[in-house]
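Protein chains in written order, with the working numbering: chain A, 1 to 290; chain B, 291 to 728.
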């Protein structure tokens with residue numbers, strides 16, 4: 001684990017170049033280029049508003065304001081996509097870069113890291129859009145909650161409606177980023193190595209990620225899971241802890257639940273330590289396994 | 291990707307390391323072959339096993355390459371050359387034995403791999419150089435010389451996917467050569483590209499050599515190895531069969547190529563019946579043999595040595611005036627030569643052949659005029675008693691043979707007996723005349 005971390009630090013420059021290349025490669029040849037990274041989340045936001053708010057009339061609670069549900073979903077999806085895209089790409093990264101590994105003395109440990117870095121940069125653009133959305137719906141054109149009506153009509157067990165906003169809790173974002181990166185890289189190290197030993201891994205990961213996505217409260221509130229009696233599932237799902245923490249910070253300007261943070265931090269460190277150790281132990285064999 | 295360079299120090303052996311650029315001892319590499327992928331996983335988890343078969347790609351290799359030498363490694367496909375190079379560059383780790391390499395290594399195991407097709411030549415140069423472990427300043431400093439060397443001109447700003455394969459290779463070599471390594475390892479990369487660029491690459495390698503750098507060069511091309519290297523390592527089935535001066539090993543290599551070529555070609559010649567054969571059939575050519583000067587049969591010859599072709603025939607019916615002939619073609623179909631025993635200053639006639647007669651016709655050369663390559667023969671018997679010769683037994687592609695040219699003194703299709711003469715006049719009126727007949 002430490003050997004890998006050290007080697008990666010010494011490859012800073014290469015890492016930077018690879019990230020830049022990957023970001024450019026996403027939209028190379030298209031006329032709007034990097035702008036697409038901003039356009040996609042905006043388009044998504046409008047699509048969610050239409051589908052979930054206008055058509056399905058879905059609410060996180062009965063009194064949520066206009067922009068809340070789409071923004072909650074947007075944040076959830078941005079985090080999830082950054083995570084799942086990276087995991088699925090890192091699983092195959094050694095196979096894809098076979099010519100680098102077989103023909104050059106190449107520090108293969110940078111591959112999962114640059115993929116993670118690239119998707120986090122991309123995610124940041126989406127998060128900026130989400131922040132603009134929050135500013136709009138919370139300050140520029142706020143929905144006023146009729147607290148009187150809430151107090152009289154709220155059924156027992158229903159959560160109180162919440163006010164959107166931003167606050168000093170934004171300082172937690174870098175920590176969330178770092179932990180998300182550690183978690184993703186760790187899992188990526190493990191799966192990339194496993195995929196060399198058993199190529200079926202890549203296909204299994206695709207299926208597994210879909211199941212995991214629907215098992216995570218992204219398109220539905222966590223409350224519904226608890227009511228359905230599957231609350232224990234949430235206690236096993238690190239991505240739930242992470243996404244909830246992001247939502248607290250980005251949408252409500254609140255401080256994330258310290259328990260979630262602590263649990264996710266432990267999960268991230270454990271994943272990274274195990275993944276990196278496995279990767280490092282097998283690294284010498286990579287050129288032979290390809 | 292084309293090149294590996296990393297200054298990272300591999301462990302340096304205190305013994306003998308100070309004089310050798312590369313020193314290997316008992317170097318072996320075994321690959322583990324699994325029948326089923328799952329078995330690999332079970333073995334990893336130590337659940338019983340082992341379940342693999344071992345394949346030793348390189349076995350017990352001892353190499354000691356001094357600083358500043360140029361070493362060639364030759365051998366057939368699958369002899370373990372490429373694996374040996376990967377071991378030397380540190381891409382794979384040896385199963386047993388040690389490799390000590392002193393100095394910065396650049397290797398051209400594959401030109402231009404790792405290029406991203408959508409990016410321009412410029413972006414690919416920067417990325418490739420950083421993969422090679424260069425710093426920003428180093429790249430900026432060398433960028434112009436890389437572009438100049440590649441001769442890509444304005445194409446450097448175009449995406450690499452628009453490049454021709456030659457341009458691709460030029461860019462790959464230029465980047466690798468810019469690393470300024472102490473040890474340069476090349477795997478047949480130079481066999482691509484046009485003659486002009488090949489020449490430039492060779493010049494660059496010669497510069498490296500003159501600067502006292504070490505070059506390890508892998509090739510099938512005995513001629514190239516011989517012209518570049520003083521020391522040659524011959525590999526076969528993973529082992530070093532022989533190492534020594536280029537003359538000595540090249541000779542051994544050609545002998546082996548000879549034996550092997552004969553084996554392969556006689557197998558090939560046994561199954562040549564699919565080529566067309568036509569004629570009236572009064573006379574049948576029953577056998578076609580190619581002979582060395584000493585009369586032994588062979589399918590592999592050397593340029594400039596005596597050789598002959600013998601046709602055995604048998605008559606099934608009477609024929610007034612049969613004429614035997616031979617055509618020589620290069621493997622690409624180029625018609626090199628055709629002749630028969632009638633159309634000559636001193637014609638031979640074989641008049642009034644009766645049914646049941648048999649005999650031989652032989653054509654021979656004192657010196658094989660063909661240069662290195664694969665060739666085939668067409669044999670024919672025509673009846674010249676009629677106004678227009680008619681085919682009796684015409685056999686296309688009756689025999690395939692190979693010519694090896696150990697000397698590589700001449701290039702092209704034919705070895706021609708040239709006479710060279712040089713005259714030099716000095717200022718003081720002296721004249722220096724030299725002549726060479728062979």
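All residues carry an ideal CB built from backbone N, CA and C; glycine is no exception.
Owing to the predicted nature of the structure, the values given are computational and were not obtained by experimental measurement.
Interface flag, residue i vs chain B, CB-CB below 8 Å
i: residue 287 of chain A; result: yes
i: residue 40 of chain A; result: no
i: residue 53 of chain A; result: no
i: residue 83 of chain A; result: no
i: residue 89 of chain A; result: no
i: residue 275 of chain A; result: no
i: residue 180 of chain A; result: no
i: residue 192 of chain A; result: no
i: residue 3 of chain A; result: no
i: residue 199 of chain A; result: yes
i: residue 9 of chain A; result: no
i: residue 106 of chain A; result: yes
i: residue 204 of chain A; result: no
Residue i (DSSP reduced to helix, strand or coil)
i: residue 552 of chain B; result: helix
i: residue 376 of chain B; result: helix
i: residue 97 of chain A; result: coil
i: residue 584 of chain B; result: coil
i: residue 489 of chain B; result: helix
i: residue 499 of chain B; result: helix
i: residue 291 of chain A; result: An answer regarding residue 291 of chain A cannot be provided, because it is not within the stretch 1 to 290 covered by chain A.
i: residue 450 of chain B; result: helix
i: residue 695 of chain B; result: coil
i: residue 220 of chain A; result: coil
i: residue 396 of chain B; result: strand
Neighbour flag for residue i against chain A, beta carbons, 8 Å
i: residue 344 of chain B; result: no
i: residue 433 of chain B; result: no
i: residue 458 of chain B; result: no
i: residue 335 of chain B; result: no
i: residue 282 of chain B; result: Since the first and last residues shown for chain B are 291 and 728, residue 282 of chain B lies out of range.
i: residue 447 of chain B; result: no
i: residue 400 of chain B; result: yes
i: residue 529 of chain B; result: no
i: residue 380 of chain B; result: yes
First and last residue of the uninterrupted alpha helix (DSSP H) at residue i
i: residue 531 of chain B; result: Looking at the DSSP string, residue 531 of chain B is not in any alpha helix (DSSP H); the run it does join, the beta strand (DSSP E), is 529-535.
i: residue 108 of chain A; result: Per DSSP, residue 108 of chain A belongs to no alpha helix (DSSP H) and is neither H nor E.
i: residue 313 of chain A; result: Since the first and last residues shown for chain A are 1 and 290, residue 313 of chain A lies out of range.
i: residue 195 of chain A; result: 173-197
i: residue 230 of chain A; result: Unbroken run through residue 230 of chain A: none, as it is neither H nor E.
i: residue 332 of chain B; result: 327-334
Burial state of residue i (16 or more Cβ within 10 Å)
i: residue 56 of chain A; result: exposed
i: residue 722 of chain B; result: exposed
i: residue 205 of chain A; result: buried
i: residue 493 of chain B; result: exposed
i: residue 295 of chain B; result: Here the model assigns residue 295 of chain B a pLDDT of 38, short of 50, so the residue's position is not dependable and the matter cannot be decided.
i: residue 276 of chain B; result: Outside the displayed span of chain B (291 to 728) sits residue 276 of chain B, for which this structure offers no information.
i: residue 335 of chain B; result: exposed
i: residue 257 of chain A; result: exposed
For residue i, the first and last residue of its enclosing beta strand (DSSP E)
i: residue 388 of chain B; result: 386-391
i: residue 241 of chain A; result: Segment 238-247 is the alpha helix (DSSP H) holding residue 241 of chain A; no beta strand (DSSP E) there.
i: residue 356 of chain B; result: 343-356
i: residue 42 of chain A; result: Here residue 42 of chain A belongs to no beta strand (DSSP E); instead the alpha helix (DSSP H) covers 36-48.
i: residue 475 of chain B; result: 473-477
i: residue 424 of chain B; result: Here residue 424 of chain B belongs to no beta strand (DSSP E), and DSSP marks it neither H nor E.
i: residue 363 of chain B; result: 360-365
i: residue 312 of chain B; result: 310-323
i: residue 667 of chain B; result: 663-673
At least 3 beta-carbon pairs within less than 8 Å: the segment 391-398 of chain B vs the segment 453-473 of chain B: Segments in contact, yes.
Please confirm if the segment 509-523 of chain B is in contact with the segment 353-373 of chain B, defined as three or more CB-CB distances below 8 Å between the two stretches. The segment 509-523 of chain B vs the segment 353-373 of chain B: in contact.
Would you say the segment 65-80 of chain A touches the segment 149-157 of chain A, given that touching needs at least three Cβ pairs under 8 Å? The answer is no - the segment 149-157 of chain A does not touch the segment 65-80 of chain A, with fewer than three Cβ pairs under 8 Å.
The segment 121-136 of chain A contacting the segment 245-261 of chain A, beta-carbon criterion three pairs below 8 Å: Three or more beta-carbon pairs separated by less than 8 Å link the segment 121-136 of chain A to the segment 245-261 of chain A, which places the two stretches in contact.
Just checking, does the segment 184-195 of chain A make contact with the segment 265-283 of chain A on the three C-beta pairs under 8 Å criterion? Touching, per the Cβ criterion.
How do the segment 579-590 of chain B and the segment 395-414 of chain B stand: do at least 3 beta-carbon pairs fall below 8 Å, yes or no? As far as the Cβ criterion goes, the segment 579-590 of chain B does not touch the segment 395-414 of chain B, which means the pair count is below three.
Quick check: the segment 77-89 of chain A against the segment 230-249 of chain A, are at least 3 beta-carbon pairs closer than 8 Å? By the Cβ test, the segment 230-249 of chain A is in contact with the segment 77-89 of chain A, since at least three Cβ pairs between them sit closer than 8 Å.
For the structure I just gave you, are there three or more beta carbon pairs, one from the segment 596-605 of chain B and one from the segment 620-633 of chain B, closer than 8 Å? Flag = no, the segment 596-605 of chain B and the segment 620-633 of chain B do not touch.
Indicate whether the contact test is met: 3 or more Cβ pairs, each with one atom in the segment 441-461 of chain B and one in the segment 357-377 of chain B, closer than 8 Å. Result no; under three Cβ-Cβ pairs closer than 8 Å.
Would you call the segment 695-712 of chain B in contact with the segment 650-668 of chain B, where contact means no fewer than 3 C-beta pairs closer than 8 Å? Verdict: yes, contact present.
Whether or not the segment 668-678 of chain B and the segment 607-624 of chain B are in contact is what I'm after, with contact meaning three or more pairs of Cβ atoms, one per stretch, closer than 8 Å; do they touch? As far as the Cβ criterion goes, the segment 607-624 of chain B touches the segment 668-678 of chain B, which means the pair count is three or higher.
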